[in-house]
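**Q**
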Amino acid sequence: MNTSNNLSESLDPGDFHYDTTYEYDAGTGLSEKTIEYISKTKSEDSWLLAFRKKAYETFKALALPAALKNDNINFDNIRYYLSKGNESKRSWDEVPNEIKKTFHRLGIPEKERKYLAGVEAQFDSESAYSRIKDTLAKDGVIFVDSTTGLKNYPEIFKKFFGTVVPMTDNKFSALNSAVFSGGSFIYVPPGVKIKQPLQAYFRINAENFGQFERTLIIVDEGAELTYMEGCTAPKFETAALHAAVVEIIAKKNAKLQYITAQNWSNNVYNLVTKRGLAHENAEIKWIDCNIGSKKTIKYPCIILAEERAKGEILSMALASHNQLQDTGAKIIHRANSTTSNILSKSISIGTGLASYKGLVNISENASNCRNSTRCDSLLINQNSCTETCPTILVHGKKNHLQHEASISKIDEERLYYLQQRGIPAKQAISLIINGFVNDLINEFPLEYGIEIKRFIELEIDG
Amino acid sequence: MGALDLKNLAVTTYDKSLIHNLSMRIPKGEVHGLMGPNGAGKSSLAKAISGHPDYKITAGNLTIDGTNIVGLNPDEIARHGLFLAFQYPLEIEGVTVANLIRAAVQARHMNKKISIHEFYENLYECMDRLKMDRSFSSRQLNMGFSGGEKKRCEILQLMMLKPKIAILDEPDSGLDMDAMKILADGINSLRDNNFSALIITHYPKFLDQMNPDKIHLMAAGKIVHSGNKSILKELEIHGYNWINKDS
């Protein structure tokens, strides 16, 4: 026991795993029975079971995205629901031991004390721990896992659920709609401005597992929220699947910032649909950092639905050996005087492929809209690859768009210059990469920024 | 044994021969000047010594403090005690002057974490000596620097890294008189028995401010003359034609 403990201490904090037993297990493979099992375990209403079954039919009917055509993902080999019960705990003392150990390793209780207004920690299918500061609860802020949200706040949940990301959007939003479990449900009442971030942690612990959390956030008129999510999984022999759906809504004059820092192990398929809807003069900002995974397909989207809404998407992707980071940004301008900004930075190492897919769409009835897009790519090795595929559709009149893109290679002269200062080549490369993403990383809260820089260093070391 | 010893050195780049049979010794504590017409191979020599991947040493010996450095990576050579002040320092986005110097200092102390407090104390002391504003340390390396700022930043790194042997490739080019004086003072402040330097320049007056122990003249990939600083006057009057006459 001692030796294995020592071994795991020397590894990346994300790369460890504790054996655990599950009270609830939907078994391997996907059928109507799986869905019935999940729904029954969660004691759901009949409308939701019907919704799930319809989504399952949609999932079967939809085609795989082109980027996954040759991957032979076997949906019958995946475990769709695993939990130790779906009552998330309000105190760390009540959380089962091995789950607690996992989150301790990720440093969560310390971070909660230091700078978070609330925490939710999901272990495989269900939330194990969830808590917000009492003052926020008194203001009427709701921050629970989605299972609890459905049960305790059905009138709000049902009203917004599936309105921003319909199940028919793509194959994996359909899959998520069929088998979703966990994820955050947040409601911030009008005028409540939450100064510290709320944070959720998503941890895949079991082999062959599929994590399908569903997050729904509503920030009401004039309210403000920063939400952060962190995702990790240990390394397994076989692939794991993470297919989340995130729907966020910012009402009139609201501000909502959604920050993701994920460091998946390199056999996770990370296929996530994230979309926000901004009402009049509201602001939505996605800050997205994609490190690790086997393949990531994710294009955070913002619909600027009413006048003067603002959207911003900042995304960073690091594609290491044999990885695909198929990431990007989508902004739909549906109303006058809406503005948006996209900044994407990608890094390709070795045979890694970073592919940016962008969409800026200005509707026919919209004018005086502005968009500025900038995509920078950095190539590390001779055989590294990057793609930039922006789509810009302008139907309305009097709109202003700007697109800039750059691709640079780590050039030998810069490397030599840094090496001449005594810095070994690997460290010199990570210095250049850190410099390249620096302005983007400064957008993250400090603690996150430091963590992301460390993830980058670990990727280069490997 | 010199701080830097070159014996019968030959250098090629992309199969083109640049330097042949070149010998030079810079003893500990001495400052030497290296002069010569454009294309003589001065910068190529500096790059070859520092381990630039495009410059191959095909014959001869090259040692720092008696240790052979032929075939080592540039960072290993640097950690053996060689510093090269670049003629054209490179811009590096997002990496501040302080970031770079800290990484470089840290690379010399693999097993010990250097204290941030101590680091900044040293950094600010050197910056004061070079009459640099404190805000300079948080600017992105060489991005938008004037020619003079780039040169000064190289000397700042030199002062912070305390090498055994420094090669300065035209540290004075593009500088006004006052800046040249500050730079010369900075280099002079480093003079002691454990520091040697080779200064490549076209300006005898600049070299004279550092009271060099020896001057080497280079032409067509060879050292054609080595002697004391009295030749600086000759060069001032007659230029490099004087070399041709002599040889």
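Chain order of the listed sequences is A and B. If you read the first sequence in the numbering used here, its first letter stands for residue 1, the second for the next number, and so on. If you read the second sequence in the numbering used here, its first letter stands for residue 1, the second for the next number, and so on. For each residue, glycine too, the CB sits at the ideal point set by N, CA and C. Quick caveat: nothing in here was measured; it's all calculated off a predicted structure.
Roughly how many angstroms separate the alpha carbons of ARG275 of chain A and PRO171 of chain B, rounded to a whole number?
**A** On the first sequence, residue 275 of chain A is found 275 positions in, with the first residue counted as 1. On the second sequence, residue 171 of chain B is found 171 positions in, with the first residue counted as 1. Those two C-alpha atoms are separated by around 55 Å.
**Q** Are the beta-carbon atoms of MET127 of chain B and LEU158 of chain B separated by less than 8 Å?
**A** Numbered from its first residue, the second sequence carries residue 127 of chain B at position 127. Numbered from its first residue, the second sequence carries residue 158 of chain B at position 158. Their beta carbons are not under 8 Å apart, which means MET127 of chain B does not touch LEU158 of chain B by this criterion.
**Q** When the cut-off is 8 Å and only beta carbons count, does GLN419 of chain A lie next to chain B?
**A** For this step, residue 419 of chain A is matched to residue 419 along the first sequence. Judged by the 8 Å Cβ criterion, GLN419 of chain A is in contact with chain B.
**Q** Where does ARG214 of chain A sit, in a helix, a strand or coil, going by DSSP?
**A** Translated into the one-based positions of the first sequence, residue 214 of chain A becomes position 214. Correct three-state label for ARG214 of chain A: strand.
**Q** Rounded to whole angstroms, what is the Cα-Cα separation between LYS56 of chain B and VAL11 of chain B?
**A** Translated into the one-based positions of the second sequence, residue 56 of chain B becomes position 56. Translated into the one-based positions of the second sequence, residue 11 of chain B becomes position 11. If you take the alpha carbons of LYS56 of chain B and VAL11 of chain B, they lie about 6 Å apart.
**Q** Across which residues does DSSP place ILE45 of chain A in a beta bridge pair?
**A** Residue numbering aside, residue 45 of chain A sits at position 45 when the first sequence is read from its first letter. Note that residue 45 of chain A is Asp in the sequence shown here, rather than Ile. Per DSSP, none; premise fails for ASP45 of chain A.
**Q** DSSP three-state call for GLY358 of chain A: helix, strand or coil?
**A** Here residue 358 of chain A refers to the residue found at position 358 of the first sequence. Strand, per DSSP.
**Q** With 8 Å as the threshold, decide whether the Cβ of ARG139 of chain B is near any Cβ in chain A.
**A** Counted from its first residue, the second sequence places residue 139 of chain B at position 139. Not an interface residue.
**Q** Hey, how far is the Cα of LYS47 of chain B from the Cα of SER355 of chain A?
**A** Indexing the second sequence from 1 puts residue 47 of chain B at position 47. Indexing the first sequence from 1 puts residue 355 of chain A at position 355. Approximately 37 Å, taken between the alpha carbons.
**Q** Comparing C-alpha positions only, which one of B:GLY81, B:ALA98, B:ASP54 sits nearest to ILE116 of chain B?
**A** For the purposes of this step, residue 116 of chain B is taken as the residue at position 116 of the second sequence. For ILE116 of chain B, the nearest C-alpha among the options comes from B:ALA98.
**Q** In three-state DSSP terms, what is ASP461 of chain A?
**A** Working through the first sequence from its first residue, we reach residue 461 of chain A at position 461. ASP461 of chain A: helix per DSSP, three-state reduction.
**Q** With distances taken between CB atoms, is the gap from PRO225 of chain A to ILE259 of chain A smaller than 8 Å?
**A** To locate residue 225 of chain A, count along the first sequence from 1; it is residue 225. To locate residue 259 of chain A, count along the first sequence from 1; it is residue 259. Note on residue identity: the sequence assigns Leu, not Pro, to residue 225 of chain A. No.
**Q** Can you find a C-beta in chain A that's less than 8 Å from the C-beta of HIS225 of chain B?
**A** Here residue 225 of chain B is taken as the residue at index 225 of the second sequence, counted from 1. Closer than 8 Å: no.
**Q** At what residue ranges does the segment 276-341 of chain A contain a whole run of the beta strand (DSSP E), taking only runs of 3 or more?
**A** Runs found: 283-292, 295-298, 301-304, 310-319, 324-333.
**Q** Three or more C-beta pairs closer than 8 Å, one from the segment 147-158 of chain A and one from the segment 184-192 of chain A: is that the case here?
**A** At 8 Å Cβ cutoff, the stretches touch.
**Q** Taking DSSP's pairing of strands, which residues face ASN263 of chain A in a bridge?
**A** As a working note, residue 263 of chain A is residue 263 in the first sequence. The partner list for ASN263 of chain A (beta bridge, DSSP) reads A:THR232, A:ILE291.
**Q** Start and end of the beta strand (DSSP E) containing GLN122 of chain A?
**A** By 1-based counting over the first sequence, the position of residue 122 of chain A is 122. Its beta strand (DSSP E) spans residues 118-123.
**Q** Relative to the alpha-carbon of ILE156 of chain A, which residue among A:ASP169, A:ILE380, A:PRO189, A:PHE212 has its alpha-carbon at the smallest distance?
**A** Working through the first sequence from its first residue, we reach residue 156 of chain A at position 156. Residue A:PRO189 is the option with its Cα nearest to ILE156 of chain A.
**Q** Rank A:ASP145, A:LEU136, A:VAL141 by C-alpha distance to the C-alpha of GLU120 of chain A and give the top, closest one.
**A** The residue labelled residue 120 of chain A in the question sits at position 120 within the first sequence. When only C-alpha atoms are compared, the closest one is A:ASP145.
**Q** Leaving aside the five residues before and after LEU62 of chain A along the sequence, list all residues of the same chain whose C-beta is less than 8 Å from its C-beta, in chain order.
**A** Position 62 of the first sequence, counted from the start, is the residue given in the question as residue 62 of chain A. Hits under 8 Å: THR168, ASN170, LYS171, ALA174.
**Q** Can you tell me where the alpha helix (DSSP H) with HIS117 of chain B in it begins and where it stops?
**A** Working through the second sequence from its first residue, we reach residue 117 of chain B at position 117. Residues 116-129.
**Q** Does the segment 445-452 of chain A come close enough to the segment 190-206 of chain B to have 3 or more Cβ pairs within less than 8 Å?
**A** They do not touch, by the three-pair rule.
**Q** Listing by chain order, which chain B residues have their CB less than 9 Å from the CB of GLN382 of chain A?
**A** Here residue 382 of chain A refers to the residue found at position 382 of the first sequence. Those within 9 Å of GLN382 of chain A in chain B number zero; the least Cβ separation is about 14 Å.
**Q** Which chain A residues are close to VAL97 of chain B, counting only those with a beta carbon under 9 Å from its beta carbon?
**A** Reading the second sequence from its first residue, position 97 is the one you call residue 97 of chain B. The premise fails here: VAL97 of chain B is roughly 12 Å from chain A at the closest Cβ pair, so nothing lies under 9 Å.
**Q** Is the segment 22-31 of chain A close to the segment 82-95 of chain A, with three or more CB pairs under 8 Å?
**A** With the cut-off at 8 Å, the segment 22-31 of chain A and the segment 82-95 of chain A touch.
**Q** Do LEU141 of chain B and LEU100 of chain B have their C-beta atoms closer together than 8 Å?
**A** By 1-based counting over the second sequence, the position of residue 141 of chain B is 141. By 1-based counting over the second sequence, the position of residue 100 of chain B is 100. Yes, these two residues count as a Cβ contact at 8 Å.
**Q** If you compare alpha carbons, which of A:ILE410, A:ASN253, A:GLU98, A:ILE362 is closest to HIS279 of chain A?
**A** Mapped onto the first sequence, residue 279 of chain A falls at position 279. The residue with the shortest Cα to Cα distance from HIS279 of chain A is A:ASN253.
**Q** Kindly indicate which three-state DSSP category GLY94 of chain B falls into: helix, strand or coil?
**A** By one-based count along the second sequence, residue 94 of chain B stands at place 94. DSSP places GLY94 of chain B in coil when its eight states are reduced to three.
**Q** Tell me, which residues are paired with CYS385 of chain A by DSSP?
**A** If you number the first sequence from 1, residue 385 of chain A lands on position 385. DSSP, once it has assigned bridges, lists A:LEU353 as partnering CYS385 of chain A.
**Q** Between PHE86 of chain B and chain A, is any beta-carbon pair separated by less than 8 Å?
**A** Working through the second sequence from its first residue, we reach residue 86 of chain B at position 86. So, interface residue.
**Q** Using a Cβ cut-off of 9 Å, pull out every chain A residue sitting near ILE92 of chain B, in sequence order please.
**A** Within the second sequence, the letter at position 92 stands for residue 92 of chain B. Under the 9 Å cutoff, chain A gives ARG414, TYR417, LEU418, LEU431, ILE432, GLY435.
**Q** I'd like the list of long-range same chain contacts for CYS389 of chain A, defined as Cβ closer than 6 Å, with 5 residues on each side in sequence excluded.
**A** For this step, residue 389 of chain A is matched to residue 389 along the first sequence. Only LYS357 meet the Cβ criterion.
**Q** What residue range is occupied by the uninterrupted beta strand (DSSP E) comprising HIS400 of chain A?
**A** Numbered from 1 along the first sequence, position 400 holds the residue referred to as residue 400 of chain A. Per DSSP, HIS400 of chain A belongs to the beta strand (DSSP E) from 400-409.
**Q** Starting from the beta carbon of ILE423 of chain A, find every residue of chain B whose beta carbon is closer than 7 Å, and list them in chain order.
**A** Position 423 of the first sequence, counted from the start, is the residue given in the question as residue 423 of chain A. ASP75, ALA103, ALA104, ALA107, listed in chain order.
**Q** Is any beta-carbon of chain B found at less than 8 Å from that of ASP439 of chain A?
**A** Locating residue 439 of chain A in the first sequence gives position 439, where the first residue counts as 1. So, interface residue.
**Q** Whole angstroms is fine: what's the gap from LEU393 of chain A's alpha carbon to ASN361 of chain A's?
**A** Here residue 393 of chain A corresponds to residue number 393 of the first sequence, with the count starting at 1. Here residue 361 of chain A corresponds to residue number 361 of the first sequence, with the count starting at 1. Those two C-alpha atoms are separated by around 5 Å.
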